[in-house]
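Below: the structure, in structure tokens.
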Amino acid sequence: SLSTLLQVVYEQEGVYIHSSCGKNDDQDGLIAGILRVIEKENEVIVDWRPLDETLDTSNIFCAGKDSSSVVEWTQTPKEKCSRGADRPNSYEAEWDMVTTVSFKKKPHSNGDATTHANGESKWSFLFSLTDLKSVKQNKEGMGWSYLVFCLKDDVKLPALHFHHGDSKLLIKCLEKHVVLNESPQDKRILLVNSQNKSLSQSFENLFDEPSYGLLHKLKKDPYTVTMGRFSKVTNYIFDSFRSSDPSSQRRPPSEMADFLNDAIPGLKINQQEEPGFEVITRIDLGKQPEVSRREPVSAVEWAKNMDTEGRILNVDYIKRLIFKGGLCHTVRKEAWKFLLGYFPWNSTKEERANLQKRKTDEYFRMKLQWKSVSEEQEKRNSRLRDYRSLIEKDVNRTDRTNKFYEGEDNPGLILLHDILMTYCMYDFDLGYVQGMSDLLSPVLYVMENEVDAFWCFVSYMDQMHQNFEEQMQGMKTQLIQLSTLLRLLDSGFCSYLESQDSGYLYFCFRWLLIRFKREFSFQDILRLWEVMWTELPCQNFHLLLCCAILESEKQQIMDKHYGFNEILKHINELSMKIDVEFILCKAEAISMQMMNCKELPQAVSEILGIESSSVTPDSDTGEDDSGAVSSCPTSFYQSISTPVIADNGTRDSTQQMSETQSLTPA
7 SLSTLLQVVY EQEGVYIHSS CGKNDDQDGL IAGILRVIEK ENEVIVDWRP LDETLDTSNI
67 FCAGKDSSSV VEWTQTPKEK CSRGADRPNS YEAEWDMVTT VSFKKKPHSN GDATTHANGE
127 SKWSFLFSLT DLKSVKQNKE GMGWSYLVFC LKDDVKLPAL HFHHGDSKLL IKCLEKHVVL
187 NESPQDKRIL LVNSQNKSLS QSFENLFDEP SYGLLHKLKK DPYTVTMGRF SKVTNYIFDS
247 FRSSDPSSQR RPPSEMADFL NDAIPGLKIN QQEEPGFEVI TRIDLGKQPE VSRREPVSAV
307 EWAKNMDTEG RILNVDYIKR LIFKGGLCHT VRKEAWKFLL GYFPWNSTKE ERANLQKRKT
367 DEYFRMKLQW KSVSEEQEKR NSRLRDYRSL IEKDVNRTDR TNKFYEGEDN PGLILLHDIL
427 MTYCMYDFDL GYVQGMSDLL SPVLYVMENE VDAFWCFVSY MDQMHQNFEE QMQGMKTQLI
487 QLSTLLRLLD SGFCSYLESQ DSGYLYFCFR WLLIRFKREF SFQDILRLWE VMWTELPCQN
547 FHLLLCCAIL ESEKQQIMDK HYGFNEILKH INELSMKIDV EFILCKAEAI SMQMMNCKEL
607 PQAVSEILGI ESSSVTPDSD TGEDDSGAVS SCPTSFYQSI STPVIADNGT RDSTQQMSET
667 QSLTPA
């Protein structure tokens, strides 16, 4: 038996089969039944059964097919599907039947009843959406609404007639898992687009567990707007690892890589038709400098950088302190509001109090909107219903290692749900996409306040919005930019990845999607995010963090000759094993390498948001022909004095960085 309970996502009574088994040829036999769509891990099942069979699994029938003929609906042997006494209302036993049902060929007209020894007609069936080829609808205005499911190899199921309501809600439910397109020949026929299951399963869920062995627990979580184009990726990767004999069933890496590319149409890393494409030639960046980090900003340091009215005295200075050391936890609740843009840096304490009052009123007005929606109203609003369903799933999967989210009825989990539902009111077009709860949970933990957490989350989503949009343009752009940076940093490593069909860097997808949330411990992600939010030392510092992690793993990947599958497995198993301080040092060192390069390619300069240096190798004045002084990006790194952490992860209390006069608070 299966241990995970199924979830019914659609249920409709009054769905009949007209069996045409009456005494007269023109008299229909009406068989009333219940139609359900059921989610179970990496499967979505469509299930119909007569009302008198809904609790008797001995009457399960499964649609069977082979390459040559239509097959009969064959009853599953009762001894193979007896229901356990400990789960009388579970659908689990029905799932067991999918692999045990037997088939036998029988040439007959589609729609005929199969008569068993007891003289009763048995029409129950269930099938996986992966076997669905098309859905035929009735003509409008022609009696009851009905649907005919056609499976692959042209096996047709009996027509289902909707006597109570119509089939529109079912079609909407199916569209969350598969793409349905009108047939050019007949608009009544909806064809399943097998190459692009756009709302079926996220690529993120491919690596949803720290242990790669848990790939067997892939879930098919429907997304309302995005991520689903990676569904094919999960199937192929899953196939490649589940085989006990790697040589027998594993798909060729090149074939798997082709499907990775097909998963996001048009994503060709470094293809020359990309806007601003530039061939990155081998450039000597020189040796990576040694970088050290300081202690976190203390409450005393934070308070010293405020005037009597609560204004930040020197914004650049405090940002640099945060970049180099992060924040002590007591400061985070206030400082994050500035870093995320909820509080203006030049605001006074009184102005911030007035802002919070306005934002509190605004928040609760939006919260009231969804709180006041009745159950009947929500049934008629499929988008709101879908948002709620996705949020509840995600909240239930929240990392419970932090005490703030321990327990099923923990107030933290309730607030997560309420804030995410309110965000759907704030941005109804985007709504909720899985992964957003990962971005919210650390923010709520730090704020310990529903309203402040919401508005900080809104500001964070303003930065991350493109990651969750349906066309995934933001993700595509970041993967291309990451490839450009990595090629400049180590063209040999890039060439090796390409030789192993890994040049598209899809294994970094989750890193970028939710900003490393599942790669570091909860406390480490607080440090990492606040450093990134300073927007120092350059744009897209998170891409340099990716480069730092990949470069750290380069030797093992290349020395052990890892192929496509091994690279994916290795990168995934880094989760919760990365030293955050070491990676921050290394990423900063990479940024220094690139900023010091006098022949930095234009594409890289644009990604990092730095102007190409006008200083020639012969010039040591820092002045160009016009007499203007060029800004030196490395001046950032000679600014702050404190105990430090070296890039080998050890603390050095004797090493100090020089402090310039210009960085002293005004």
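Here the sequence shown is numbered in my numbering, starting from 7 and rising by one per residue. From the three backbone atoms N, C-alpha and C, an ideal C-beta is built for every residue, glycine too.
- Message: Tell me which residues share the same chain as V14 and place their Cβ nearer than 7 Å to its Cβ, disregarding the 5 neighbours each side in the sequence.
- Response: R42, I44
- Pick helix, strand or coil for D392, following the three-state DSSP scheme. helix
- Beta-carbon proximity check, L574 vs V537, cutoff 8 Å: no
- Report yes if the C-beta distance between E454 and H423 is below 8 Å; otherwise report no. The answer is no: Cβ separation not under 8 Å.
- From the DSSP output, which residues share a beta bridge with W54? L41, F131
- Span of the alpha helix (DSSP H) around L495: 479 to 495
- Query: If you measure from the CB of I40, is any heavy atom of the ligand HEM nearer than 7 Å?
  - Reply: With respect to small molecules bound, the structure shown includes none, and the ligand HEM cannot be examined in it.
- In three-state terms, what does DSSP make of Y152? strand
- Query: CA-CA distance, E307 and F526?
  - Reply: 27 Å
- Message: Tell me which residues share the same chain as D172 and place their Cβ nearer than 6 Å to its Cβ, disregarding the 5 neighbours each side in the sequence.
- Response: S151
- Message: Between L551 and chain C, is any beta-carbon pair separated by less than 8 Å?
- Response: The structure shown contains no chain C, having only a single protein chain.
- For the putative contact between V452 and W342, defined by C-beta atoms under 8 Å, what is the C-beta separation to the nearest angstrom? 6 Å
- Taking the alpha-carbon positions, what's the L212 to D565 distance? Only weak support exists for where L212 lies, its pLDDT of 37 falling under 50; the value from the coordinates is given anyway. Rounded to whole angstroms, L212 to D565 spans 26 Å at the Cα level.
- N- and C-terminal bounds of the beta strand (DSSP E) containing V198: Membership of V198 in the beta strand (DSSP E) is indicated by the continuous run 195 to 198.
- Item | Residues bridged to Q143 [DSSP beta-bridge criterion] | L153
- Look at the alpha carbon of D435 and the alpha carbon of G35, and state the distance between them as a whole number of angstroms. 46 Å
- Query: Nearest-angstrom Cα distance between F131 and V161?
  - Reply: Taking the straight line joining both Cα atoms gives about 13 Å.
- Message: Please state whether the Cβ-Cβ distance between H169 and Y22 is less than 8 Å.
- Response: yes
- Item | Rounded C-alpha distance that separates E19 from P164 | Cα to Cα, E19 sits roughly 17 Å from P164.
- Contacting residues, own chain, Cβ-Cβ under 8 Å from E315 (five flanking each side not counted): When the five nearest sequence neighbours on each side are left out, the beta carbons in the same chain lying within less than 8 Å of the beta carbon of E315 are those of T354, K355, E356, in order along the chain.
- Item | Residue range of the unbroken beta strand (DSSP E) whose run includes N187 | 186 to 188
- Query: How is K373 classed by DSSP in three states: helix, strand or coil?
  - Reply: If DSSP states are grouped into helix, strand and coil, K373 belongs with the helices.
- Message: Below 8 Å on the Cβ atoms is my contact criterion, and I expect A5 with T490 to pass it. Report the Cβ-Cβ distance as a whole number of Å.
- Response: The structure shown does not extend to residue 5, since the chain spans only 7 to 672, so no value can be given for it.
- Presumed contact (8 Å Cβ cut-off) between Q472 and Q479, rounded CB distance: Correct: roughly 6 Å between the Cβ atoms.
- Message: Distance check for F463 and K46, CA to CA, integer angstroms please.
- Response: 31 Å
- Message: Applying the 10 Å Cβ sphere with the 16-neighbour rule, what's the burial state of L12?
- Response: That one is buried.
- Message: Here's a check: name, in chain order, each residue in its chain whose Cβ is nearer than 8 Å to the Cβ of L487, leaving out the five neighbours to either side.
- Response: First, the residue type needs correcting, since residue 487 is Gln and not Leu in the sequence shown. Once the five neighbours on either side are set aside, the close Cβ partners of Q487 are N546, L549, I613.
- Message: Quick check on DSSP: helix, strand or coil for M312?
- Response: Correct three-state label for M312: strand.
- Query: Among all the DSSP beta bridges, which residues are the ones paired with I23?
  - Reply: I37
- Query: Can you tell which of N320, V141, D496, M427 has the C-alpha that lies nearest to the C-alpha of R194?
  - Reply: V141
- Query: Per DSSP, which one or two residues make a beta bridge with K162?
  - Reply: C156
- Would you grab the beta carbon distance between S673 and V401 for me? Rounded to a whole angstrom, and I think it's under 8 Å. Absent from the structure is residue 673, since the part of the chain shown begins at 7 and ends at 672.
- Query: Using the C-alpha atoms, what's the distance from L180 back to L138?
  - Reply: 11 Å
- Three-state secondary structure (DSSP) at F168? strand
- Message: Using the three-state DSSP reduction, which class does K523 fall into: helix, strand or coil?
- Response: coil
- Item | Reference Y393, options S134, K182, C552, K409, closest by Cα | K182
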